[in-house]
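Read the structure below first, then the notes.
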Amino acid sequence: MWLGLGLDLNKSLASWKMLQNEKTQKGPVTKTVDSAQWKVLNSRIEKKREAFRSQRQSGSVHILLGIGSSLFVVLVCSIAVTYFIGTGRWCREVVEAYGLAPEILRENQLLKRKSFPWALGGILTALGVSALGAAADPGTGMASTADWVMPHLFAALAGICLISYCLYALWGYIVRNNEVINRVMREVHARRQGRGLERDHKSSSGAMHAG
5 MWLGLGLDLN KSLASWKMLQ NEKTQKGPVT KTVDSAQWKV LNSRIEKKRE AFRSQRQSGS
65 VHILLGIGSS LFVVLVCSIA VTYFIGTGRW CREVVEAYGL APEILRENQL LKRKSFPWAL
125 GGILTALGVS ALGAAADPGT GMASTADWVM PHLFAALAGI CLISYCLYAL WGYIVRNNEV
185 INRVMREVHA RRQGRGLERD HKSSSGAMHA G
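For the numbering used here, count along the sequence shown from 1 and bump the result up by 4.
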């Protein structure tokens with residue numbers, strides 16, 4: 005984003021086009037334009053073209069970084085959603101199999117429900133900022149790209165704050181869910197010890213090693 009703050013491709017392209025139009029208008033009227041003025045005009049056009057090409061290269065880097073950042077946000081949020089779906093199913097199966105307290109499952113489901121809006125919010129924000137960036141790109145050939153520059157800028161600034169908070173919230177829910185998983189593991193271990201399963205498992209393991 006910071007790379008894009010110093011770029012104004014729409015303004016640079018407009019300046020270049022304006023000089024090109026001026027050259028086109030003066031071209032047929034050769035009597036009113038001497039060779040010196042013509043050289044000056046061509047020189048100005050060349051400078052504007054080089055300035056636009058230079059900014060266009062930086063703009064390409066900005067676009068690639070923006071696409072990469074958006075894909076990263078979508079990937080992280082998708083992994084978080086997959087994590088909660090997977091651990092939720094595992095938690096349900098273990099709670100039902102060992103007859104653990106139902107509030108464990110309820111807490112896991114509550115964390116899953118609370119995390120989904122933040123994951124979806126992060127994904128939609130990243131896609132929205134990217135869409136506004138595409139609308140502001142003069143390379144699309146649309147006539148209204150300059151009108152989308154400021155909305156894209158403000159959306160990017162707000163999007164960074166919102167996505168950061170979404171990821172922070174997801175991290176908090178993952179930490180709390182990990183505590184629930186640890187609680188399940190402790191209670192399962194205690195139940196297995198109470199049933200003598202842990203001792204039998206250790207004895208069979210020792211016999212196999214001795215053999």
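Glycine included, each C-beta is placed from N, C-alpha and C at the ideal position. Predicted model only: the values in this text are computed from it and were never measured.
Point to revise | Cutoff 8 Å; reference MET189; Cβ partners in own chain excluding five residues on either side | key: none
**Study point:** Environment of ILE89 [buried if 16+ CB atoms lie within 10 Å]
**Key:** exposed
Practice item. Using alpha carbons as the reference points, say which of SER64, GLU111 and ARG93 lies closest to ARG180. Key: GLU111
Exercise for review: Label GLY8 either buried or exposed according to how many other C-beta atoms from any shown protein chain fall within 10 Å of its C-beta, with 16 as the threshold for buried.
Suggested key: Below a pLDDT of 50, predicted positions are generally treated as unreliable, and GLY8, at 49, falls in that range; no measurement from the model is reported.
Practice item. Give every residue of the same chain whose Cβ lies closer than 8 Å to the Cβ of GLN113, excluding the five residues on either side of it in the sequence, and list them in chain order. Key: GLY92
Exercise for review: Label ALA194 either buried or exposed according to how many other C-beta atoms from any shown protein chain fall within 10 Å of its C-beta, with 16 as the threshold for buried.
Suggested key: exposed
Exercise for review: Output the residue ranges of the alpha helix (DSSP H) runs that lie fully inside the region 105–184 and measure 4 residues or longer, sorted by chain position.
Suggested key: 106–139
Exercise for review: Output yes or no for whether 8 Å exceeds the beta carbon distance between ILE127 and VAL77.
Suggested key: yes
Exercise for review: Excluding the 5 residues preceding and the 5 following VAL98 in the sequence, name in chain order all residues of the same chain whose CB lies nearer than 8 Å to its CB.
Suggested key: LEU104, VAL188 and VAL192
Review point. Out of curiosity, what's the CA-to-CA distance linking TYR87 and LEU79?
Key: 12 Å
Review point. Beta carbon of LEU174, beta carbon of HIS156: below 8 Å?
Key: no
Check your understanding: Hey, how far is the Cα of ALA147 from the Cα of MET154?
Key -> 16 Å
Point to revise | Close beta carbons around GLU74, own chain, < 8 Å, minus the five adjacent residues each side | key: In the sequence on display, residue 74 carries Ser and not Glu. Answer for SER74: ALA130, LEU131, VAL133 and SER134, listed in chain order.
Check your understanding: Whose C-alpha, out of ILE67, TYR102 and GLY70, is nearest the C-alpha of ARG199?
Key -> TYR102
Exercise for review: Classify GLY63 as buried or exposed, calling it buried when 16 or more other Cβ atoms lie within 10 Å of its own Cβ.
Suggested key: buried
Point to revise | Cα-Cα separation, SER168 to TRP122 | key: 10 Å
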